[in-house]
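Single-structure report; data block below.
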Amino acid sequence: AQSVAQPEDQVNVAEGNPLTVKCTYSVSGNPYLFWYVQYPNRGLQFLLKYITGDNLVKGSYGFEAEFNKSQTSFHLKKPSALVSDSALYFCAVRGRNTGGFKTIFGAGTRLFVKA
Amino acid sequence: SQTIHQWPATLVQPVGSPLSLECTVEGTSNPNLYWYRQAAGRGLQLLFYSVGIGQISSEVPQNLSASRPQDRQFILSSKKLLLSDSGFYLCAWTHTTGNTEAFFGQGTRLTVV
Numbered sequence: 623a624q625s626v627a628q629p630e631d632q633v634n635v636a637e638g639n640p641l642t643v644k645c646t647y648s649v650s651g652n653p654y655l656f657w658y659v660q661y662p663n664r665g666l667q668f669l670l671k672y673i674t675g676d677n678l679v680k681g682s683y684g685f686e687a688e689f690n691k692s693q694t695s696f697h698l699k700k701p702s703a704l705v706s707d708s709a710l711y712f713c714a715v716r717g718r719n720t721g722g723f724k725t726i727f728g729a730g731t732r733l734f735v736k737a
Numbered sequence: 160s161q162t163i164h165q166w167p168a169t170l171v172q173p174v175g176s177p178l179s180l181e182c183t184v185e186g187t188s189n190p191n192l193y194w195y196r197q198a199a200g201r202g203l204q205l206l207f208y209s210v211g212i213g214q215i216s217s218e219v220p221q222n223l224s225a226s227r228p229q230d231r232q233f234i235l236s237s238k239k240l241l242l243s244d245s246g247f248y249l250c251a252w253t254h255t256t257g258n259t260e261a262f263f264g265q266g267t268r269l270t271v272v
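As they're listed, the protein sequences go chains E and U.
Here this note's numbering = 1-based position in the first sequence + 622.
Here this note's numbering = 1-based position in the second sequence + 159.
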């Protein structure tokens, strides 16, 4: 069965500092991996995805994520955090053998960026 | 460009009343459609998905049902709401290829009183 773990409920970082939001996954075969962001009372917005190729994926708003197959991780990173980055972040996985039907989301990590 | 519409944005319903939430997608054809529930602002639980008209797969047995009467319309229903049905409901769509991201509606905040 597919699963996604986001081990941190909350991450606190000072503005200007680098941030990392962790994600590990379990899926048979090679996965499609995604990161989404959610602002209060809104739907999720897509940030970036890993399909194949380069393990470092760059996405929207300066975010990037590194796919590590041996550690089954897909951590979200940003070199310099902004206060406006404060939001709820979700990692998601979709197995290649599921016909593209089911995406499983992690529990979410709340990011607080202090000015 | 593609857009997804979900309504209403908020809903307060008494226990035992029926429910109908609607989601429509524009600008694409034959999308995969999904209903998720988000409890207490945290993780998303997949409730239903559909790969075509009239084709509904249920992920979690519960008090809800889904229907897809048209290619780009997805409806979440209940005959009698329970207090535990309260939550934030999100509709989403993807292309039929597996490597595409999901596009979400703005969500419906349902409070059952």
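Note that the Cβ used here is the ideal one computed from N, Cα and C, for glycine as well.
Source: prediction; values computed, not measured.
Q) In chain U, what lies closer than 9 angstroms to E/F668 by C-beta? A) Neighbours of E/F668 in chain U, taken as residues whose beta carbon is under 9 angstroms from its own, are E260, A261, F262 and F263 in chain order.
Q | Residues from the region 167-191 of chain U in contact with chain E, defined by Cβ distance under 8 angstroms | A | From the region 167-191 of chain U, only N191 have a Cβ closer than 8 angstroms to chain E.
Q: Using a Cβ-Cβ cut-off of 8 angstroms, state whether E/R646 counts as contacting chain U.
A: Residue identity differs from the one stated: residue 646 of chain E is Thr in this sequence, not Arg. The beta carbon of E/T646 does not come within 8 angstroms of any beta carbon belonging to chain U, so the residue lies off that interface.
Q) What beta strand (DSSP E) runs, 3 residues minimum, are completely inside the region 173-221 of chain U? A) Complete beta strand (DSSP E) runs here, min 3: 178-185, 191-197, 203-211 and 214-217.
**Q.** When E/L704, E/L678 and E/G665 are compared against U/T162, the one with the closest alpha-carbon
**A.** Taking each of E/L704, E/L678 and E/G665 in turn and checking the Cα distance to U/T162, the smallest one comes out for E/G665.
(Q) Closest to U/K238 by C-alpha separation, out of U/G175, U/A168, U/A261 and U/Y193, would be which residue? (A) For the residues U/G175, U/A168, U/A261 and U/Y193, the minimum Cα distance to U/K238 belongs to U/G175.
**Q.** Rounded C-alpha distance that separates E/S648 from U/G186
**A.** Approximately 34 angstroms, taken between the alpha carbons.
Q: Measure the CB-CB distance between E/L710 and E/R732 and report whether it falls below 8 angstroms.
A: Contact flag set, yes.
Q | Three-state secondary structure (DSSP) of U/S243 | A | It is helical.
Q: Starting from U/A225, follow the beta strand (DSSP E) in both directions and report where the run begins and ends.
A: In the DSSP assignment, U/A225 falls within the beta strand (DSSP E) that extends over S224 to Q229.
Q.
Relative to the C-alpha of U/W194, which candidate in U/R201, U/Y208, U/S188 and U/G202 has its C-alpha closest?
A. The shortest C-alpha separation from U/W194 is found at U/Y208.
Q | Length of the line joining the Cα atoms of E/N687 and E/Q628 | A | Contrary to the premise, residue 687 of chain E reads as Ala rather than Asn in this sequence. A straight-line Cα-Cα distance of about 14 angstroms links E/A687 and E/Q628.
**Q.** First and last residue of the uninterrupted beta strand (DSSP E) at E/Q693
**A.** Neither: E/Q693 is in no beta strand (DSSP E) and is coded neither H nor E.
(Q) Going by DSSP, what residue range makes up the beta strand (DSSP E) through U/H164? (A) It spans T162 to W166 - the beta strand (DSSP E) in which U/H164 sits, taken as one unbroken run.
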